[in-house]
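Numbering (our numbering), first residue to last: 5 to 423.
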């Protein structure tokens, strides 16, 4: 605790520049960056690290940029993980295409699959090294509001059961879409159409795992997809995802649909013959960035899932989570320098963040809508399997080297139609 004295319940402990609630990728990235800038940061986390986190475990190119910014690339490469060199798609009619990710450095994989227990702990340890103080197993229960500003938090140390209070000039909520911070600050709830329900299981012994992640658009899961991602030690992350409103409307039993795909679909049943599930099937909710959630106010900012930033087409959230954490650290540093923590000043966080990720989120929403049409999936994946130019365009999009909006442009659709 760095010598800080803990007072009786109800007293507050020290004054920080920034309190960050939640030590996932967004919170840890933010804490590490602010700590490197010399700011006095308190990082609070309800879990004990290392901890598991239900996810697809794919580390995208955008996530890798954050890893490099934090100086952790070599550490990630030395950790238990699987190199990823591309993606395999399949369409409802069974067409298959494998698309490599663009990669300037041929000696290093452009992406990875790494269990979140490992990846998140790597980021957390970097945050712990740079933050003034970190407290694990601490449950925040309340955000303190004074004169219309967020000025601190109250909560309980889950080990000692002691109630504590902390104060800071800024509060950053990194505790998820339904976390205490966004709820306490009156941030809107997410519409069902902007949430994805997902299930994930680890399997050992799946046949045919390669160096690609796999996204399969199959009848059992439409509109949605079935994935198989390779991991270290012969493990595979296997899961399904579907928008919440579609699940309710179509009365889909997502667990049953996932197991049916594994056991009965002709494309997969032989691959899973003899495979063993490791642990249990777990579910979680992905808050899509297609809903632009308010992410700032007097004395606070929201990052990661708390800000609802998951890509609505790919379902990937770590990249935008770390991007938002690093961006929030930049704006927090500016606010501390200016001694201005008002909503008016912090609006620049939302503006700069969405200048960077907003256009991509809008295009991903349109791609998600296109993915609802089976004939389009069959057409694009089928043509891509036979046409190198189409494969290159999709490859560039996946690596963020080609704007995603090109995929929904009339010129691209003409290429597909006449390829």
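For each residue, glycine too, the CB sits at the ideal point set by N, CA and C.
All values reported here derive from a predicted model rather than from experimental measurement.
Query, Result
"So, for residue 372: in the same chain, excluding its five sequence neighbours on each side, which residues have a beta-carbon less than 7 Å away from its beta-carbon?", "316, 317"
"Give the DSSP-derived three-state secondary structure of residue 89 in the structure shown.", "coil"
"Would you check if the distance between the CB atom of residue 322 and the CB atom of residue 106 is smaller than 8 Å?", "no"
"At which residue ranges does the region 244–320 contain complete beta strand (DSSP E) runs of 3 or more residues, listed in the order of the chain?", "280–291, 304–306"
"Please go through the same chain and pick out, in chain order, the residues whose beta-carbon is closer than 6 Å to the beta-carbon of residue 369, but skip the five residues on each side of it.", "294, 316"
"Give the straight-line distance between the Cα atoms of residue 42 and residue 33, rounded to the nearest whole angstrom.", "15 Å"
"Residue 137: buried (16+ other C-beta within 10 angstroms of its C-beta) or exposed?", "buried"
"Quick check: what's the CA-CA separation for residue 70 versus residue 57?", "19 Å"
"Within a Cβ cutoff of 7 Å, which residues of the same chain sit near residue 95, ignoring the five residues on either side of it in sequence?", "221, 381, 382, 385, 386"
"If we define contact as Cβ-Cβ less than 8 Å, is residue 392 a contact residue for chain C?", "Structure shown: chain C not included; a single protein chain is present."
"Taking the beta carbon of residue 67 as the centre, do at least 16 other beta carbons fall within 10 Å, making it buried, or is it exposed?", "buried"
"Among 224, 328, 102, which has the Cα closest to the Cα of residue 376?", "224"
"Taking 8 Å as the cut-off, does the region 238–257 touch the region 201–211 (at least 3 CB pairs, one atom from each stretch)?", "yes"
"Based on Cα-Cα distance, which residue from 153, 160, 397 lies nearest to residue 3?", "Given that the chain is displayed from residue 5 to residue 423, the structure contains no residue 3 and the question cannot be resolved."
"Can you tell me whether residue 93 is buried or exposed, with buried defined as 16 or more other CB within 10 angstroms of its CB?", "buried"
"Which one or two residues does DSSP pair with residue 23 in a beta bridge?", "46, 175"
"Considering Cα atoms alone, identify which of 311, 179, 211 is closest to residue 357.", "311"
"Taking its Cβ as the centre, do 16 or more other Cβ atoms sit within 10 Å of residue 313, making it buried, or is it exposed?", "buried"
"Based on the DSSP secondary-structure assignment, which residues constitute the bridge partners of residue 200?", "247, 290"
"Helix, strand or coil: which one does DSSP assign to residue 341?", "helix"
"Is the beta carbon of residue 69 within less than 7 Å of some heavy atom of the ligand ZN?", "Among the components of this structure there are no ligands whatsoever, and the ligand ZN is therefore not found."
"Output the distance between the C-alpha atoms of residue 9 and residue 144, rounded to the nearest integer angstrom.", "Only weak support is given to the placement of residue 9: the predicted model assigns it a pLDDT of 36, under 50, and the question is left unresolved by the model."
"Please confirm whether residue 219 and residue 131 have their CB atoms less than 8 Å apart.", "no"
"Give the list of continuous beta strand (DSSP E) stretches no shorter than 3 residues that lie fully inside the region 66–115.", "86–88, 90–94, 100–104"
"Counting along the chain, where does the alpha helix (DSSP H) carrying residue 353 start and finish?", "347–374"
"Are the Cβ atoms of residue 142 and residue 23 separated by less than 8 Å?", "no"
"Counting beta carbon pairs with one atom in the region 181–201 and one in the region 343–358, are three or more of them shorter than 8 Å?", "no"
"Hey, quick one: how far does the alpha helix (DSSP H) through residue 191 stretch, first residue to last?", "From DSSP, residue 191 is part of no alpha helix (DSSP H); its letter is neither H nor E."
"Under 8 Å by Cβ, that's how I've got residue 88 and residue 232 pegged, so tell me the actual separation to the nearest angstrom.", "Incorrect: roughly 12 Å between the Cβ atoms, too far for contact."
"Residue 245 and residue 308: beta carbons closer than 8 Å?", "no"
"Measuring CB to CB, does residue 128 end up less than 8 Å from residue 85?", "no"
"Quick check: what's the CA-CA separation for residue 332 versus residue 259?", "37 Å"
"Keeping to the same chain, check which residues put their C-beta closer than 8 Å to that of residue 273; ignore five residues upstream and five downstream.", "266, 267"
"Using CA atoms only, rank isn't needed, just tell me which of 165, 392, 147 is closest to residue 140.", "165"
"Once you ignore the five residues that flank residue 101 on each side, which residues in its own chain have a CB closer than 6 Å to its CB?", "93, 385, 388, 389"
"Excluding the five sequence neighbours on either side, which residues of its own chain have a C-beta within less than 8 Å of the C-beta of residue 251, listed in chain order?", "201, 258"
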